[in-house]
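Going by the numbering used here, the sequence shown opens with residue 11, and the numbers climb by one from there.
All C-beta atoms in this analysis are idealised placements derived from N, C-alpha and C, irrespective of residue type, glycine included.
Worksheet for the structure shown next.
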Amino acid sequence: MQKDLIDFEESLCNFSSSLFSIGVANATDALELILMSLDIKPGDEIICSSHTMLASASAIKMVGAIPIPADIGSDNLLEPKSVLSLINSRTVGIMPTQLNGRCCDMDQIMKIATDNHLFVVEDSAQALGARFRSKHAGTFGYGGCISFFPAKVLGCLGDGGAVFCQDPIVFDKIYQLHDHGRNIDGEVVSWGRNSRLDNLNAAILDFKLKSYQTVIDRRRQIASIYNDNLKDIPYLRLPPPPDLSSQPLHYDVFQNYELAAHRRDDLRQYLKDHQIGTLVQWGGKGIHQWPHFKYTGPELPATNKFFEECIMLPMNVFLSDDDVHYVSETVHSFYSKL
Ligand SMILES: *Cc1c(COP(=O)(O)O)cnc(C)c1O
Numbered sequence: 011m012q013k014d015l016i017d018f019e020e021s022l023c024n025f026s027s028s029l030f031s032i033g034v035a036n037a038t039d040a041l042e043l044i045l046m047s048l049d050i051k052p053g054d055e056i057i058c059s060s061h062t063m064l065a066s067a068s069a070i071k072m073v074g075a076i077p078i079p080a081d082i083g084s085d086n087l088l089e090p091k092s093v094l095s096l097i098n099s100r101t102v103g104i105m106p107t108q109l110n111g112r113c114c115d116m117d118q119i120m121k122i123a124t125d126n127h128l129f130v131v132e133d134s135a136q137a138l139g140a141r142f143r144s145k146h147a148g149t150f151g152y153g154g155c156i157s158f159f160p161a162k163v164l165g166c167l168g169d170g171g172a173v174f175c176q177d178p179i180v181f182d183k184i185y186q187l188h189d190h191g192r193n194i195d196g197e198v199v200s201w202g203r204n205s206r207l208d209n210l211n212a213a214i215l216d217f218k219l220k221s222y223q224t225v226i227d228r229r230r231q232i233a234s235i236y237n238d239n240l241k242d243i244p245y246l247r248l249p250p251p252p253d254l255s256s257q258p259l260h261y262d263v264f265q266n267y268e269l270a271a272h273r274r275d276d277l278r279q280y281l282k283d284h285q286i287g288t289l290v291q292w293g294g295k296g297i298h299q300w301p302h303f304k305y306t307g308p309e310l311p312a313t314n315k316f317f318e319e320c321i322m323l324p325m326n327v328f329l330s331d332d333d334v335h336y337v338s339e340t341v342h343s344f345y346s347k348l
C-alpha cells in the first residue's frame with residue numbers, strides 16, 4: 011500500500027469518474043467487501059443475473075444472503091422485468107453484471123432499486139471503461155468491482171481487483187475491511203481482513219491504464235468488423251455492434267464477443283478444425299444450473315436457451331484484421347454447408 015498503489019487508485023478514479031477506488035486482491039473480494047459493509051442479515055435476498063460468473067453469487071452467499079438469479083434479456087444482460095418479478099419483502103439489493111464489457115439498462119435497474127428501496131452493487135468485473143449514458147460501469151450504485159485478472163480487459167500479472175464507491179462513509183468502511191480494520195491513517199478502528207492489491211501490480215496497471223483507451227478502441231474495431239461480416243447469417247444472434255455516435259447510450263468495451271449460434275457445438279468443432287479457438291463462458295452453465303446451487307426458483311427460459319447456443323469468438327488486441335476476416339469466413343463456410 012505504497013505510492014504506486016495510491017497513484018493507481020487516483021488514476022482509476024480519474025479514468026472512471028469515480029469519487030473513490032480501493033485496490034484489492036481480486037474482484038470477488040471486492041464484491042464481498044462491498045457486501046460486508048452493508049447491514050446484511052441471514053435470509054436477505056439479492057437479485058443477480060443468471061448469466062454471470064459464480065463469483066457474483068458466491069459473494070452474496072459468503073455474506074449470508076441468498077442469491078436470486080434473474081433471467082436475461084435480448085442483449086444477454088440482466089432483464090429488468092425479470093428483476094421486478096422476483097422482488098419480495100426479503101429482497102434487499104440488486105447485483106447487475108455489466109457483462110462482456112457492456113452495461114445493463116441502468117435507467118431501469120436504478121429506477122427499480124429506488125422505487126423498492128434496494129441497494130445496487132455492480133459486478134462490473136468485466137467492464138472497466140464501459141459506460142451507460144456516459145456514466146462508467148461500477149459507479150452507478152452503492153459500490154462496484156473491477157477485476158484485473160490477466161484475461162480481463164485490463165490485466166495485471168496475476169490476481170488483482172478494485173472497489174469503486176461514491177460515498178466517504180462507505181469508502182471508510184470498505185477501506186477498513188480490506189486492511190485489518192485500519193483506517194486511512196493506519197489506526198486500528200474495527201475488524202477487517204487482508205485484501206490488498208500489491209504495489210508491483212499497481213505500478214504495472216497504472217502504466218497500462220495510460221494506453222488502455224487504445225485497447226478499447228481496437229476491441230470496438232474488431233467488434234465492428236465481426237458485426238459487418240456476420241450480420242447477414244440468419245443462424246447467429248450477434249451482440250449489439252459498437253454505438254459510434256458521439257453520445258452513445260451504451261459505450262461497450264468488448265471484454266468478450268459473445269453470440270448465440272445455431273448448432274453451437276458443431277460450429278465450435280469446425281472452427282477448432284480450422285485452428286480457431288473459441289470459448290463458452292462459465293463452462294456453459296448459468297449460475298442456477300450448477301448442482302450445488304440446488305435451484306428451485308422460477309424457470310429462466312432465456313438463460314437456459316442461451317447456454318445451449320452461446321459461444322465467444324476470438325477477441326483480443328493481438329488479432330489482426332486478417333485474423334478477424336479469417337474467423338468470419340470460416341463461420342460463413344460452416345453455415346453455407348447446412
Ligand atoms: C472475472 C469475473 C469476476 C471475478 O473476478 P476475480 O478478479 O477473478 O475475482 C466476477 N464477475 C465477473 C462477471 C467476472 O467476469
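The continuous stretches of beta strand (DSSP E) do not include T124, which lies in the alpha helix (DSSP H) extending over residues 116–125.
Distance from the CA of P324 to the CA of K71, rounded to the nearest whole angstrom, comes to 33 Å. Take the alpha-carbon of D333 and the one of P301: they are about 38 Å apart. Fewer than three beta-carbon pairs drawn from the segment 37–51 and the segment 284–291 are found closer than 8 Å, and the two stretches are therefore not classed as touching. Rounded to the nearest angstrom, the Cβ distance from V73 to I104 is 15 Å, too far for a contact under 8 Å. Taking 9 Å as the cut-off, the Cβ atoms of K295 and F317 count as close. Between G191 and N239, the alpha-carbon positions lie close to 53 Å from each other.
The C-beta separation of A80 from S99 comes to about 17 Å, leaving the pair out of contact by the 8 Å criterion.
Under DSSP, F129 forms a beta bridge with G103.
Residue pairing for P77: DSSP places it in a beta bridge opposite I56. In the DSSP assignment, E319 falls outside any beta strand (DSSP E) and lies within the alpha helix (DSSP H) extending over 311–319. Comparing alpha-carbon positions, the option among M63, T149, S205, F344 lying closest to L22 turns out to be T149. Look at L348 here: in three-state DSSP terms it is coil, with no helix or strand label. At least one heavy atom of ligand 1 lies closer than 8 Å to the C-beta of N36. Residue environment: N266 is assigned as buried (16 or more neighbouring CB atoms within 10 Å of its CB, all protein chains considered). At least one heavy atom of ligand 1 sits closer than 8 Å to the Cβ of A65. Between the alpha carbons of G168 and K347 lies a distance of about 42 Å. Scanning its chain for C-beta atoms nearer than 7 Å, with the 5 sequence neighbours on each side dropped, one finds around R278 the residues T288, I321, in chain order. Under the DSSP assignment, I179 falls outside any beta strand (DSSP E), being part of the alpha helix (DSSP H) whose first and last residues are 178–188. In the same chain as V173, and ignoring 5 residues on each side of it, the C-beta atoms closer than 7 Å to its own belong to S31, I32, V34, A40, L43, I44, G153, C155, I184, in chain order.
Taking C-beta atoms under 8 Å as the contact rule, C113 and A147 qualify, at a distance of about 5 Å.
Taking a cut-off of 8 Å for Cβ pairs, the segment 135–147 and the segment 254–270 touch, as three or more such pairs fall below it. Nearest to D54 by C-alpha distance, out of A67, N36, T62, I76, is I76.
With 16 or more other CB atoms across the displayed protein chains lying within 10 angstroms of its CB, P90 is buried. Under the DSSP assignment, A147 falls outside any beta strand (DSSP E); it carries neither an H nor an E label. Here H302 carries a helix assignment [DSSP, helix/strand/coil]. Contact between the segment 226–236 and the segment 331–345 is established, with three or more Cβ pairs separated by less than 8 Å. Secondary structure at V198: strand, using DSSP grouped into helix, strand and coil.
Rounded to whole angstroms, the separation of the alpha carbons of F18 and R203 is 21 Å. In this structure, P106 is the residue among S27, P106, D189 with its C-alpha nearest to the C-alpha of M63. By the neighbour-count definition (other C-beta atoms within 10 Å, threshold 16), H188 is a buried residue. Residue nearest to N86 within the set L269, D133, G151 is L269 (criterion: CA-CA distance).
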